[in-house]
Each structure stands twice: as C-alpha cells, then as structure tokens.
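The next block holds one structure in the form of structure tokens; read it before the comments.
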Amino acid sequence: MYPLAKHWIEGLGSSLAEQEGGRSEMAGFNKVVLMGNLTRDPDLKFTPNGTPVCEFGLAVNRVRSKDDKPDYFQVIAWRELGEIVANYKKKGDGILVEGRMRHDAWETEDGHKHSKVTVVAEQVQFLPGRGGGGDSGPDQPGKHPSAARSEEDWDDLPF
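Position in the sequence shown (first residue = 1) + 205 = this note's numbering.
Right, here's the structure in full:
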C-alpha cells in the first residue's frame, strides 16, 4: 500500500460504525489528488447570492508511454479558492488539486438521463506550466513552501 494512502486510511480511526441489525460497515472515503495542466482559462461566475465559483478543465498526462492519451477532469473551486485560481491561472498552467469527487445526475424534459463526475477542489497548489514559467500567485490555502532548498538552508540543521 502507498504510504500516503495508508496514512489517510489510518487517519480514519475506527471508521466502522454499528448499523441496525448488528452489521458493521466501513465509512466511505472520498479523496482525490490530481496534477496536470489547465485545458482552458478558468471561468469565474457568481451564484445568485454572490458566492464565487470557478470552473476549469484539467488534463493529467500518464507517464507509462508517449502513446497514452491524457485524462481530462472538470474541476470546481468555490469562494476565495475559486477567485485565486481565476485571477492567477490560465490555459496551460500547471496546478495540483486536492479535493473530492462529486457525482451529479439529472433527467431532461424529454426523459434522457445524464450524469457527470466533477472534482470539487479543497486545496490547490500552483505549478509551472508547459512553458516552464507559471505565476506562483499569492499565498493561498493549501499552498506549501517550495521543496527546492539551497545548501545554506541545510547548514544550520542539528544533525
């Protein structure tokens, strides 16, 4: 098992809940982490009560072979997170999204059933795009400091 997945699963604690009839069922777990490039400029809109919501497409390349086609995901970011993405990212920019999957189903007036799966972003981290650049943007929720360090940073460690 991957260490990160093991950490998440162990973090669930005693996730078994007693149900009626003496059965035990494990609690659900809905977490997704995607890293890729925006397929279009983010689209920022506002709900009727003024809540910002940003929608964007994300292309995630596989590394198995050059013949593999990317996977495409629709992502929604709400409130301040959505405004940050809309203001600082554009088509082609790299982004890491942590969130949850949401399934929507509906039926049209003519009786056709439709459904779609969307990623609801809870945290994002800006990454360099295909051009190697990329605006780091402001400090935002979920952004972690860069892992790149100079040798001077390591000199004052006690070990």
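Note that CB positions come from ideal geometry on N, CA and C, so glycine has one too.
Quick caveat: nothing in here was measured; it's all calculated off a predicted structure.
query                                                                                                                    : result
Quick check on Arg269: does DSSP put it in helix, strand or coil?                                                        : coil
Could you check the C-alpha separation between Val302 and Val329 for me, to the nearest Å?                               : 5 angstroms
Rank Asn254, Lys236, Glu288, Gly299 by C-alpha distance to the C-alpha of Ala264 and give the top, closest one.          : Gly299
Expressed to the nearest angstrom, what Euclidean distance is found between the alpha-carbon atoms of Gln279 and Met306? : 10 angstroms
Could you tell me the alpha carbon to alpha carbon distance between Glu260 and Asp273, rounded to whole angstroms?       : 26 angstroms
Cβ atoms of Ala291 and Leu332: under 8 angstroms apart, would you say?                                                   : no
Assuming Pro247 and Lys294 make a contact with CB atoms under 8 angstroms, what is their CB distance in whole Å?         : 6 angstroms
Nearest-angstrom Cα distance between Gly316 and Thr244?                                                                  : 32 angstroms
In the structure shown, what three-state DSSP assignment does Arg365 receive?                                            : For the chain, the structure presents residues 206 to 364; residue 365 sits outside this window and is missing.
Candidates Glu288, Arg269, Lys321, Val268: which alpha carbon is nearest Phe251's?                                       : Glu288
Along the chain, where does the beta strand (DSSP E) containing Ala326 start, and where does it finish?                  : 318 to 332
What is the rounded straight-line gap between the Cα of Thr313 and the Cα of Ser320?                                     : 11 angstroms
Out of curiosity, what's the CA-to-CA distance linking Lys296 and Asn242?                                                : 7 angstroms
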